[in-house]
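Below is one structure, written out as structure tokens; comments come after it.
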Amino acid sequence: MKSLSASLSAEILKSKNSLAAWLSFLGSSGIIIAFFVILLLGTDTFLPDEHEHAWKNFYHAYYEGTAFMLLPLFAIIIAALVCYTEYKNGMWKLLLITTISRTELYLSKLLFTYLLITCSHIYFVCLMLLSGFLLAWLRPELGLSSSGLDILYLLKLASKTIISVAAMLALQFWVSIRFSSFVVALGIGVIGFILSALLVEGWPYAVYLPYSYPLLYLEEKYLLQPLSQVEFLSMSYCLLGTCLGLLDFRQMKIRT
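Counting from 231, one number per residue, gives the positions in the sequence shown under this note's numbering.
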């Protein structure tokens with residue numbers, strides 16, 4: 231456990247100026263700025279005329295705008311980048327001759343990937359609230375100044391978002407560590423997402439596709455449940471993907 235903690239700490243220190251870290255926070259900033267400008271300039275079709283629930287509508291405008299395309303692709307790119315960086319720098323073979331076991335190495339990098347996505351989303355939520363306060367001041371007609379924040383509902387949305395990408399991240403991380411090519415790892419993830427997006431409407435078994443969960447979790451039948459089928463399956467696939475990926479990595483020959 232101490233070795234795993236030390237390895238995770240090393241990953242965090244090493245990532246300070248990495249492309250994955252910069253992309254995580256710049257991507258969140260870009261999304262918030264784009265939606266802020268749209269709402270500021272008067273294109274408020276995202277917000278129904280229900281001032282009593284203005285903040286809830288505001289949250290959904292941001293979340294629904296990111297869930298369909300940006301969130302899945304963002305998670306796929308981050309997972310691929312974390313693994314590809316080690317291939318590009320020729321670090322895998324050096325890491326494997328250290329005292330850190332393959333199990334600890336795999337889990338530390340996977341946990342770091344989850345941590346990066348989680349921190350990025352917390353940053354997204356903070357920026358979203360800041361943009362909401364600014365809009366309440368600049369455009370009072372949106373009703374944000376007269377409606378309650380409903381922080382508990384926002385925390386629910388944020389936690390469901392992070393859980394919904396867990397399955398996809400575990401599988402994408404395994405793919406990214408299995409293939410040394412960034413393009414191949416990214417391509418597999420994008421294909422998985424596109425197929426899920428095509429099947430999610432109308433196919434009754436789409437809920438069993440791990441890449442579909444960021445597209446499904448905001449549906450009312452899943453959002454209203456404390457622990458929905460989507461979240462349960464996402465955590466189950468996450469555990470399965472982690473175990474299978476770890477078993478594969480422990481016997482895998484690393485090619486640089």
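Using N, Cα and C, we set each Cβ at its ideal position, and we do this for glycine too. No experiment lies behind these values; they were computed from the predicted model shown.
Q.
Please tell me whether P440 and A388 are closer than 8 Å, where the distance is taken between their beta carbons.
A. Counting from 1 along the sequence shown, the entry for residue 440 is found at position 210. Counting from 1 along the sequence shown, the entry for residue 388 is found at position 158. No; because the gap between Cβ atoms is not below 8 Å, this pair is not in contact.
### Query
Nearest to S406 by alpha carbon, out of L270, L256, I306 and A291?
Looking up residue 406 in the sequence shown gives position 176. Checked all of L270, L256, I306 and A291; the closest Cα to S406 is I306.
DSSP-derived helix/strand/coil call for V395:
Within the sequence shown, numbered from 1, the residue matching residue 395 stands at position 165. Coil, per DSSP.
Inter-residue spacing [alpha-carbon to alpha-carbon] between Y292 and T329
Residue 292 sits at position 62 when you count from the first residue of the sequence shown. Residue 329 sits at position 99 when you count from the first residue of the sequence shown. Cα to Cα, the separation comes out at about 45 Å.
Rounded distance between the beta-carbons of F409 and S350, thought under 8 Å: Position 120 of the sequence shown, counted from the first residue, corresponds to residue 350. Position 179 of the sequence shown, counted from the first residue, corresponds to residue 409. With a Cβ gap of about 24 Å, S350 and F409 do not count as contacting.
If we count the other Cβ atoms within 10 Å of its Cβ and call it buried at 16 or more, is V312 buried or exposed? Numbered from 1 along the sequence shown, position 82 holds the residue referred to as residue 312. Buried: at least 16 other Cβ atoms inside 10 Å.
* Verify whether the separation of the beta carbon atoms of A310 and L416 is less than 8 Å. => On the sequence shown, residue 310 is found 80 positions in, with the first residue counted as 1. On the sequence shown, residue 416 is found 186 positions in, with the first residue counted as 1. In contact: A310 and L416 (Cβ atoms closer than 8 Å).
| Does the segment 336-351 come within contact of the segment 471-481, defined as at least 3 CB pairs closer than 8 Å? | A contact exists between the segment 336-351 and the segment 471-481.
Return the CA-CA distance between N319 and L325, expressed in angstroms with no decimal places. For the purposes of this step, residue 319 is taken as the residue at position 89 of the sequence shown. For the purposes of this step, residue 325 is taken as the residue at position 95 of the sequence shown. In a straight line, the C-alpha of N319 is about 11 Å away from that of L325.
Practice item. Within its chain, find whatever has a CB closer than 8 Å to the CB of Y249; leave out the 5 residues flanking it on each side and keep chain order. Key: Taking the sequence shown and counting its residues from 1, one reaches residue 249 at position 19. Reading the sequence as shown, one finds Leu at residue 249 and not Tyr. Once the five neighbours on either side are set aside, the close Cβ partners of L249 are L311 and T315.
Practice task
Given a cut-off of 8 Å, decide if V395 and P444 are closer than it, judged by their beta-carbon atoms.
Solution key: Locating residue 444 in the sequence shown gives position 214, where the first residue counts as 1. Locating residue 395 in the sequence shown gives position 165, where the first residue counts as 1. Judged by beta-carbon spacing, V395 lies within the 8 Å limit of P444, meaning their Cβ atoms are closer than that value.
### Candidates I262, L463, K483 and S466: closest to S361 by CA position
Residue numbering aside, residue 361 sits at position 131 when the sequence shown is read from its first letter. Closest by alpha carbon: I262.
Practice task
Counting only the same chain and skipping the five closest in sequence on each side, list residues whose C-beta sits under 7 Å from that of F479.
Solution key: Position 249 of the sequence shown holds residue 479. So the qualifying residues of the chain are R332, Y336 and I407.
Confirm, please, whether the CB-CB distance from L374 to A251 is below 8 Å.
-> The residue labelled residue 251 in the question sits at position 21 within the sequence shown. The residue labelled residue 374 in the question sits at position 144 within the sequence shown. Taking 8 Å as the Cβ cut-off, A251 and L374 do not qualify as a contacting pair.
(Q) With H, G and I counted as helix, E and B as strand and the rest as coil, what does DSSP make of M482? (A) What you label residue 482 is simply residue 252 of the sequence shown in a count that begins at 1. Here M482 sits in coil by DSSP.
Requested in this report: Name the two residues that bound the continuous alpha helix (DSSP H) containing A415.
Outcome: Taking the sequence shown and counting its residues from 1, one reaches residue 415 at position 185. Taken as a continuous stretch (DSSP letters only), the alpha helix (DSSP H) holding A415 covers F412 to L429.
In angstroms, rounded to a whole number, what distance separates the CA positions of M465 and F403?
As a first step, residue 465 is located in the sequence shown; it is residue number 235 there, counting from the start. As a first step, residue 403 is located in the sequence shown; it is residue number 173 there, counting from the start. Cα to Cα, the separation comes out at about 15 Å.
Check for me: the alpha helix (DSSP H) holding V355 runs from which residue to which? The count along the sequence shown starts at 1 and reaches residue 355 at position 125. Run containing V355: R332 to L368, per the alpha helix (DSSP H) assignment.
Next on the checklist: Quick check: what's the CA-CA separation for S442 versus L448?
Outcome noted: If you number the sequence shown from 1, residue 442 lands on position 212. If you number the sequence shown from 1, residue 448 lands on position 218. When rounded, the distance between both Cα atoms is 11 Å.
Indicate whether P171 and F423 have their beta-carbon atoms separated by less than 8 Å. Nothing can be reported for residue 171: it is not among the residues displayed for the chain, which extend from 231 to 486.
Tell me the rounded alpha-carbon separation between T391 and L425. On the sequence shown, residue 391 is found 161 positions in, with the first residue counted as 1. On the sequence shown, residue 425 is found 195 positions in, with the first residue counted as 1. One C-alpha to the other measures close to 20 Å.
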